[in-house]
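In my numbering, the protein residues as written are -1 to 186.
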Amino acid sequence: MSEFWEAASAIGTCAAVVVALGFSYRAVVDSRKIEKDRADLAAARMHGPVSFLETQVSLLHAWLIFNDDDYESSDPQLFALVDEIDSAALKITNEDLYQVLGLPGHAAKRLARALGLIHIFAAEVKYRLTQVSWNDNEARIKRQSYKKWSDSASEIKDHLQIAVRRFESAAASGAPRPSTEEIHGPED
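Rendered as structure tokens:
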């Protein structure tokens, strides 16, 4: 009879372990879902500013490529555009990045990389354009600088394009566009 109770006790212990593991697994799954929902909601909120930033960097990149070598008139425009991009990038904080860390495709890391590159890029461009010696440089040297800046803008644009796609996808699942029925209510 004691063997029966030992076997029953062992079976009961195994069952308790299985139930405990089941609860633990369920808690992990629920936690991941909540974390994904939070990332999707943050992506929905951040999609606009990140998309604007990507558009501005794309404009800057195109502008640098198709520059007509009229540096006296284009330098102030370049400074203003770079300053606008830098200001927009500064509005995206590390806290914002932490909220979207759960997005697929390393979207938060790509955005962080782009933001870091923007700050370095903006500092260099602003520094160069405000130097007295910049106006004394030959067109060839300015052309080389513009080419270098174009390459930097291209890398930033690439990172932002990937991030924007991921943000768009997450925003669509986190806050999908309402249907006509949701907006106007069911037809009677």
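Glycine included, each C-beta is placed from N, C-alpha and C at the ideal position. Predicted model, so just to flag it, every value in this text is computed and none were measured.
Quick test of your reading: leucine 62 and alanine 87, contact by CB under 8 Å. State the CB separation rounded to the nearest angstrom.
That pair is no contact at about 17 Å.
Proline 184 by DSSP, collapsed to three states: which one?
Residue state, collapsed to three classes: coil.
Can you tell me which of Met44, Lys140, Glu179, Glu185 puts its alpha carbon nearest to the alpha carbon of glutamate 166?
The shortest C-alpha separation from glutamate 166 is found at Met44.
If you measure between the beta carbons of lysine 145 and histidine 59, is that distance less than 7 Å?
No, Cβ-Cβ distance for lysine 145 and histidine 59 is not below 7 Å.
Where does histidine 98 sit, in a helix, a strand or coil, going by DSSP?
Residue identity differs from the one stated: residue 98 is valine in this sequence, not histidine. Of the three classes helix, strand and coil, the one that applies to valine 98 here is coil, per DSSP.
Would you call isoleucine 9 buried or exposed, if buried means 16 or more other Cβ atoms sit within 10 Å of its Cβ?
When all chains shown are included, isoleucine 9 counts as exposed.
Candidates Ala170, Ser148, Glu153, Ser152: which alpha carbon is nearest asparagine 65's?
Nearest C-alpha to asparagine 65: Ser148.
Would you say alanine 106 and leucine 95 are within 7 Å of each other, going by their C-beta atoms?
Their beta carbons are under 7 Å apart, which means alanine 106 touches leucine 95 by this criterion.
Quick one: Cα of arginine 36 to Cα of valine 98, how far?
The straight-line gap from Cα to Cα measures roughly 8 Å.
Among Glu153, Ser177, Thr11, Leu39, whose alpha-carbon lies nearest the alpha-carbon of leucine 109?
Of the listed residues, the one whose Cα sits closest to leucine 109 is Glu153.
Which residue comes first and which comes last in the alpha helix (DSSP H) that contains threonine 128?
Here the alpha helix (DSSP H) through threonine 128 covers 105 to 128.
Going by the beta-carbon positions, is the gap between alanine 169 and alanine 42 smaller than 7 Å?
Yes, the pair counts as a contact, with Cβ atoms nearer than the cut-off.
What do you get for valine 123, buried or exposed, if any count of 16 or more other CB atoms within 10 angstroms of its CB means buried?
Buried, by the Cβ-count rule.
Would you tell me roughly how many angstroms separate the C-alpha atoms of serine 22 and alanine 14, rounded to the nearest one?
When rounded, the distance between both Cα atoms is 12 Å.
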